[in-house]
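Visitor: Sharing a structure with you now.
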Amino acid sequence: MVEILGIGACALDMIAKIKHFPEPDEKIDAESYTYLPGGVTGNYITGVARLGGKAGFVGAIGDDQEGEILLENFKIEGVDTSLIKIKKDLRSAINFIMVTDEGERVIIQSPYMIKTQLKVPDEIDLKLIQGAKLIHTTAIHKNVSEYIIKAAKKENPEIIISFDLEKQVAVQYGYEEIEKFIDLVDILIPQKLGVMELTGKNDPTVAAKILLGKKPNLKIIAVTLGGDGCSITKRNGDRIEQKTYNAYDIKPIDTTGAGDAFNAAFGVGYLKGWDLDKIANFANAAGALNCLKVGARTGMTTMENVLKFMKENTNKNKK
Numbered sequence: 004m005v006e007i008l009g010i011g012a013c014a015l016d017m018i019a020k021i022k023h024f025p026e027p028d029e030k031i032d033a034e035s036y037t038y039l040p041g042g043v044t045g046n047y048i049t050g051v052a053r054l055g056g057k058a059g060f061v062g063a064i065g066d067d068q069e070g071e072i073l074l075e076n077f078k079i080e081g082v083d084t085s086l087i088k089i090k091k092d093l094r095s096a097i098n099f100i101m102v103t104d105e106g107e108r109v110i111i112q113s114p115y116m117i118k119t120q121l122k123v124p125d126e127i128d129l130k131l132i133q134g135a136k137l138i139h140t141t142a143i144h145k146n147v148s149e150y151i152i153k154a155a156k157k158e159n160p161e162i163i164i165s166f167d168l169e170k171q172v173a174v175q176y177g178y179e180e181i182e183k184f185i186d187l188v189d190i191l192i193p194q195k196l197g198v199m200e201l202t203g204k205n206d207p208t209v210a211a212k213i214l215l216g217k218k219p220n221l222k223i224i225a226v227t228l229g230g231d232g233c234s235i236t237k238r239n240g241d242r243i244e245q246k247t248y249n250a251y252d253i254k255p256i257d258t259t260g261a262g263d264a265f266n267a268a269f270g271v272g273y274l275k276g277w278d279l280d281k282i283a284n285f286a287n288a289a290g291a292l293n294c295l296k297v298g299a300r301t302g303m304t305t306m307e308n309v310l311k312f313m314k315e316n317t318n319k320n321k322k
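Using our numbering, you'd call the opening residue of the sequence shown number 4 and step up by one each time.
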């Protein structure tokens, strides 16, 4: 039975390795390029499966070659695909990603990331979500996520809802709509730009404290800080506590999917009942490992490998 469900989008990533980002009107040659499965929630749920979690993906793909590749990849990874709908009238998403020699990247997201989605309620079988212990979403398809989460909470009030808030989603829907959505959430895992956009604050740690103070339903806010690690904000009775966990000292090759690997590890660790110190360092390690290979999922690995990496490597010293 599936324990962790991911609601959202998947895509085929076309990744070009380049020496530097081009200037306007500049033409540059790619050093190499490849096609790999991607998409934020697709990456997340693949990460969960590789860490040994019982994972399922909830979303839609097009009736095309790209969709076939994405579906087959999920099956290879052991992800439950019973809640994936093949849409004959829409296309699968193809994202374009450029990665420099320094590991920096830019992503041009396909419009079909948003367009290719499930119809509510006709294309969603709520029976298939029964037994899940955690639901994770980016809310890129907010209406789909809301419908499933509300039904899941009604069926099982103890189910955990985690939300990966990206800046473009905060901009797309606006604070008022995202604020309503956060009322359904237990664990918020925003990118630093996402939580800053939502609160209007320039410091993501300050923003997290403000947001947690406003939202009594939230148990944890785990802000991903890229190369600086993560910040965990939680309640301890009437007090709000916050701690920053340094990233591991690596030389990144490609940062694509690092946040997704972090989120997957966070969810797996949380369901295992680990303390937040262990969860945060475990998630940082999973994110770091994913930066050592090209592709959003290529560096996602097993529980054993992440724990081994943690023993053999040290976190960066605080600046």
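Here a beta-carbon is modelled for each residue, glycine too, at the ideal position from N, C-alpha and C. As the structure is a prediction and not an experimental result, all values here were calculated from the model.
So within the segment 118-170, which uninterrupted alpha helix (DSSP H) runs reach at least 4 residues, ignoring any that extend past its ends?
Guide: 145-158
Visitor: Can you give the Cα-Cα distance for D16 and G240, rounded to whole angstroms?
Guide: 44 angstroms
Visitor: Could you name the residues that DSSP lists as bridge partners for R238?
Guide: I243
Visitor: Taking a contact to mean a Cβ-Cβ separation below 8 angstroms, would you say T227 touches I192 in this structure?
Guide: I192 sits close to T227, with the two beta carbons spaced by under 8 angstroms.
Visitor: At a threshold of 7 angstroms, does G262 count as lining the ligand ATP (C-beta to nearest heavy atom)?
Guide: Only the bare structure without any ligand can be found here, which leaves the ligand ATP out of the picture.
Visitor: Please state whether DSSP places R340 in a helix, a strand or coil.
Guide: For the chain, the structure presents residues 4 to 322; residue 340 sits outside this window and is missing.
Visitor: Between which two residues does the alpha helix (DSSP H) harbouring A268 extend?
Guide: For A268, the enclosing alpha helix (DSSP H) covers residues 261-274.
Visitor: Indicate the three-state DSSP secondary structure (helix, strand or coil) for G70 in the structure shown.
Guide: helix
Visitor: Would you call S35 buried or exposed, if buried means 16 or more other Cβ atoms sit within 10 Å of its Cβ?
Guide: exposed
Visitor: Between T258, D278, I253, which lies nearest to K384 when the distance is taken from Cα to Cα?
Guide: Since the first residue shown for the chain is 4 and the last is 322, residue 384 is missing from the structure and cannot be characterised.
Visitor: Is the beta carbon of V51 closer than 8 angstroms to that of G11?
Guide: no
Visitor: With a CB to CB cut of under 7 angstroms and the five nearest residues on each side skipped, what residues in its chain are close to L129?
Guide: A154
Visitor: Can you give me the start and stop residues for the beta strand (DSSP E) that N98 sits inside?
Guide: 96-102
Visitor: Once DSSP output is grouped into helix, strand and coil, what is the label at A289?
Guide: helix
Visitor: Return yes when the Cβ of D125 is within less than 8 angstroms of the Cβ of S95, no when it is not.
Guide: no
Visitor: Taking DSSP as the reference, what is the three-state secondary structure of T37?
Guide: strand
Visitor: Taking the straight line between their C-alpha atoms, what separation do you get for I21 and E107?
Guide: 10 angstroms
Visitor: State the DSSP-derived secondary structure class of K20, mapped to helix, strand or coil.
Guide: strand
Visitor: For the candidate residues H144, E6, F99, A14, whose alpha-carbon lies nearest to that of G81?
Guide: Cα-wise, what sits closest to G81 is E6.
Visitor: Can you tell me which of the three DSSP states I31 falls into?
Guide: It is coil, neither helix nor strand.
Visitor: Relative to the alpha-carbon of A210, which residue among L196, K222, M101 has its alpha-carbon at the smallest distance?
Guide: L196
Visitor: Does DSSP classify V172 as helix, strand or coil?
Guide: Looking at V172 - three-state DSSP - the assignment turns out to be helix.
Visitor: Looking only at its chain, what residues have a beta carbon closer than 6 angstroms to the beta carbon of G290, apart from the 5 residues adjacent to it on each side?
Guide: Contacts found: A261, A264, F265.
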